[in-house]
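Student: Taking the numbering used here, the leading residue of the sequence shown gets 244, the next gets one more, and so forth.
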Amino acid sequence: MSRSHPDADGKDVPETAVRNRSQWADTLHRPDPDSDEPKPACVEPDYREDADFTDVPVAAYPHYKLCGNPECFGSEWW
Ligand SMILES: [Zn+2]
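1) When the Cα atoms are used, what is the spatial distance from V299 to S318?
2) Does A303 come out as helix, strand or coil in the three-state DSSP assignment?
3) Quick one: what does DSSP say D275 is sitting in, helix, strand or coil?
4) Please name the residue or residues paired with R262 in a DSSP beta bridge.
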């Protein structure tokens, strides 16, 4: 039924991700489960204070990269 993201091979990717509203954004992040507002689970917003994040369906952004941070869709640190 739901299409998975091309980069999602073998990864636990939720149906909904978070993206920066910026037109330059090209990365999907895992939503922060502890935040009421759309916010990446990784440290991305900590050094982009002006960033404005929004919820989006992962399947709608197959051309976006999945964030490589371990908190999002990356592998564990080796
Ligand atoms: Zn991230």
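From the three backbone atoms N, C-alpha and C, an ideal C-beta is built for every residue, glycine too. Given the structure is predicted, the values throughout are model-derived calculations rather than measurements.
Tutor: According to the structure data:
1) 22 Å
2) helix
3) coil
4) T297
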